[in-house]
Amino acid sequence: MPRIAFVFPGQGAQYPGMGKELAEKYEEAAQVFAAADRISPYSISNLCFAGPAEQLNQTEFAQPALLTSSLAALLVAKKMGICADILAGLSLGEYSALVAAGALSLEEALPLVQKRAILMQEAVPPGEGAMAAVLGMEAGRLEDLCHMAAGQVGIANYNCPGQLVISGEKEAVRAVTASIKEAGGRVIPLAVSVPSHSPLMYEAAMKLKAELAQVKWQEPLIPVVSNVNARENGALDFEELLTQQLFKPVLWEQSVRYMMNKADYFVEIGPGSTLSGLIKKIDRHRVLGQVEDLSSLEKLLKKVELI
């Protein structure tokens, strides 16, 4: 039996309509949305199914919506007999992975993620932070350019070979962008309001730590690979790792390479296929499929029958 890794998307994967098809057909998915609606002060299901996009794209709402949609897709995958041997999630998606592993419950995770999103949104005044994707540059060279820049800026995401993300103060990001272009790299500014995974998130992380300390963390039933150290960890480590996750880089490529030693195939659970695209750039033969709607589920089941 092939070993399978589940990966869960982070902020940016959200879209109106996510999870709707699965909730309409599978009671397991519908129950996740119903539970989220009971826990949340607003209807997460309505936001996921109908938007509006303007609200759904706000950090405060995007993160809990993605957590809920991903966990609904997870239960459908499990119902269809697809189970994971190892888990990981990109940024916010790590919380989905921890719930999937039994390290905390949806009832604990949803308020925690809502608080996390608000702290991130409030951490930096509007217009003072920025993020940008960097294509075609080696990580070491980009790290040097960030270190030479005035102000706070650094690599926020090591996504895959040839794709990195920088984050920090707006002017510092602008200066590094100019240096990247001079060196022959490509830069794509990201339409985000929060400079995630940068030192600007440190104070927000310290506030989040107080919330993380209230969680009764359980030992994961399935290994979860952390964004911070690209390794699986125990319950005693989650508070510190999730605190650091806010202001330290996401080691996604490193995490995927670690998981490749422990899984034969990857399945993306939740909205979108961004993570599948990144993994294909590391090893295009390892992605088995996604579970985000009925079409993707059907395609995945057909592939599973062939292995």
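Take 691 as the starting number for the sequence shown in my numbering and just add one per residue.
Note that the Cβ used here is the ideal one computed from N, Cα and C, for glycine as well.
Bear in mind that the values here come from a model prediction, so they are computed numbers and not experimental data.
Each residue's CA atom was taken as its position, placing residue 955 and residue 928 some 26 Å apart. By a beta-carbon distance limit of 8 Å, residue 852 contacts residue 825. Their separation comes to about 6 Å.
When DSSP states are grouped into helix, strand and coil, residue 708 belongs to the coil group. Measuring C-alpha to C-alpha distances from residue 796 to each of 807, 723 and 697 identifies 723 as the nearest.
In the three-state DSSP reduction, residue 845 falls in the strand class (E or B).
For residue 904, there is no enclosing beta strand (DSSP E), since its DSSP letter is neither H nor E. Looking at the DSSP output, residue 979 shares a beta bridge with 957. A distance below 8 Å separates the beta carbons of residue 846 and residue 888. Contact between residue 840 and residue 873 does not hold, since their C-beta atoms are separated by about 18 Å, which reaches or exceeds 8 Å.
In chain order, 823 place their CB closer than 6 Å to the CB of residue 878, counting only its own chain and leaving out the 5 sequence neighbours on each side. Runs of the alpha helix (DSSP H) lying entirely within the segment 741 to 767, each at least 4 residues long, are 743 to 746 in chain order. In this chain, the alpha helix (DSSP H) harbouring residue 967 covers 964 to 972.
Annotation for residue 881: no residue places its beta carbon closer than 6 Å to its own, counting only its chain and skipping 5 residues before and after. A direct Cα-Cα distance of roughly 5 Å separates residue 750 from residue 808. Taking C-beta atoms under 8 Å as the contact rule, residue 799 and residue 765 fail to qualify, at a distance of about 14 Å.
Setting aside the 5 residues that flank it on each side, residue 893 is surrounded in the same chain by 813, each with a C-beta closer than 7 Å to its C-beta; the list follows chain order. Residue state for residue 859 is assigned as strand, using DSSP reduced to three classes. Judged by beta-carbon spacing, residue 704 lies beyond the 8 Å limit of residue 736, meaning their Cβ atoms are not closer than that value.
Contact annotation, residue 759 with residue 700: C-beta distance approximately 12 Å; criterion of less than 8 Å not satisfied. Annotation: residue 710 to residue 742 spans about 14 Å, alpha carbon to alpha carbon. Out of 980, 972 and 953, the CA that lies nearest to the CA of residue 963 is found in 980. For the set 706, 714 and 734, the Cα lying nearest the Cα of residue 984 is the one of 714.
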